[in-house]
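Numbering (this note's numbering), first residue to last: 360 to 495.
A virtual CB, placed ideally from N, CA and C, is assigned to each residue, including glycine.
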């Protein structure tokens with residue numbers, strides 16, 4: 360089965376999206392709704408979200424999964440150079456994440472590392488990428 364790990368996801372790694380099916384689907388133990396703080400943008404060219412430092416609630420899923428040693432490293436590779444093989448795009452870091460019941464935990468989150476001002480983007484006021492996509 361592998362080691363149990365947690366990841367807070369707010370984009371294509373959420374249940375129902377392509378990267379969830381590709382990387383996590385068969386390894387999930389539990390999924391809970393949660394949030395962290397930051398600012399959330401939709402990257403137009405890549406058609407994915409970008410979380411940067413900020414003070415808004417960013418909604419997503421806390422996924423508990425079994426890692427056989429390849430899951431997290433495969434996701435790291437996906438996020439690190441997504442789109443551009445020469446410039447780091449996302450890095451995984453521990454952040455304070457809150458469950459719906461108010462409990463908090465430090466969990467791995469992928470944070471956008473490029474300059475958001477240089478990328479075509481849309482600010483997501485609700486902090487919820489899934490809702491943003493449904494309303495487009």
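In chain order, what residues of the same chain lie with their CB nearer than 7 Å to the CB of residue i, ignoring the 5 residues before and after it?
i, result
"residue 449", "438, 439, 441, 469, 470, 471 and 472"
"residue 374", "390 and 420"
"residue 464", "456"
Determine the DSSP secondary structure at residue i, reduced to helix, strand or coil.
i, result
"residue 447", "coil"
"residue 383", "coil"
"residue 403", "coil"
"residue 367", "strand"
"residue 484", "coil"
"residue 495", "coil"
Excluding the 5 residues preceding and the 5 following residue i in the sequence, name in chain order all residues of the same chain whose CB lies nearer than 6 Å to its CB.
i, result
"residue 423", "365, 388 and 389"
"residue 370", "407, 408 and 488"
"residue 459", "392"
"residue 427", "361"
"residue 466", "365, 367 and 456"
"residue 378", "371 and 372"
From the DSSP output, which residues share a beta bridge with residue i?
i, result
"residue 416", "396"
"residue 426", "362"
"residue 463", "457"
"residue 479", "Note: residue 479 sits in no beta bridge, so no partner."
"residue 389", "423"
"residue 411", "398"
"residue 452", "468"
Would you grab the beta carbon distance between residue i and residue j for me? Rounded to a whole angstrom, and I think it's under 8 Å.
i, j, result
"residue 480", "residue 400", "4 Å"
"residue 419", "residue 367", "6 Å"
"residue 394", "residue 416", "5 Å"
Say yes only if the C-beta of residue i is nearer than 8 Å to one or more non-hydrogen atoms of the ligand FMN, and no if none qualify.
i, result
"residue 488", "In the structure on display, the ligand FMN does not appear, and there are no ligands present to speak of."
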